[in-house]
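All remarks here apply to the structure that follows.
In the numbering used here, the protein residues as written are 8 to 138.
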């Protein structure tokens, strides 16, 4: 293993001096994935997307149509709401945030989102008062 590289790919994520980012290979795989035609394909797609959940705010809310479609009986569970959610997720993956480590004694803020379906929390820092 070369320690002098500027970027490492670990478990499908890119780790660099800037922080943790989504692997371009994972984004490409999601972008090229056609809409699922069966319940099994929908489950596979949902599994891929859940792995990327840490990069999208309120991600479980975005996946709600997928979970409801999986619960439906029969293979024809893909709906317009699933397609809209899938397009929205693709759009979010094009410009994901970069996860970075906090600096000791730096002030951190927490964003808490609660919905009928999920609870999400994000810990973030504000580099300047204007942001």
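Built from N, CA and C at the ideal position, the CB exists for glycine as well.
Counted within 10 angstroms of its Cβ, other Cβ atoms place residue i as buried (16 or more) or exposed
i, result
"residue 124", "exposed"
"residue 94", "exposed"
"residue 73", "buried"
"residue 76", "buried"
"residue 120", "exposed"
"residue 42", "exposed"
"residue 70", "buried"
Alpha helix (DSSP H) segment containing residue i, residue limits
i, result
"residue 48", "46-58"
"residue 94", "87-101"
Candidates the options: closest to residue i by CA position
i, options, result
"residue 113", "120, 128, 132", "132"
"residue 129", "63, 45, 57, 35", "63"
"residue 127", "100, 60, 28", "60"
"residue 30", "117, 108, 101, 48", "101"
"residue 45", "86, 26, 34, 28", "86"
"residue 79", "47, 110, 99", "47"
Boundaries (first-last residue) of the beta strand (DSSP E) holding residue i
i, result
"residue 120", "115-121"
"residue 127", "126-132"
Which residues DSSP lists as bridging residue i, in chain order
i, result
"residue 26", "23"
"residue 76", "Answer by DSSP bridge pairing: none, since residue 76 is not bridged."
"residue 16", "21"
Neighbourhood of residue i by C-beta, 6 angstroms cutoff - its chain only, sequence neighbours within 5 removed
i, result
"residue 8", "Note that residue 8 has pLDDT 49, beneath the 50 cutoff, so the model's placement of it is unreliable and the number below is only indicative. Contacts found: none."
"residue 118", "129"
"residue 92", "69, 72"
Close-in-space but distant-in-sequence residues of the same chain around residue i (CB under 8 angstroms, 5 per side omitted)
i, result
"residue 40", "52, 55"
"residue 97", "37, 38"
Proximal residues to residue i (C-beta, below 7 angstroms), its chain only, five neighbours per side dropped
i, result
"residue 68", "122, 124, 125"
"residue 65", "120, 127"
"residue 49", "43, 73, 76, 77, 84, 85"
"residue 99", "63"
"residue 89", "72, 73, 76"
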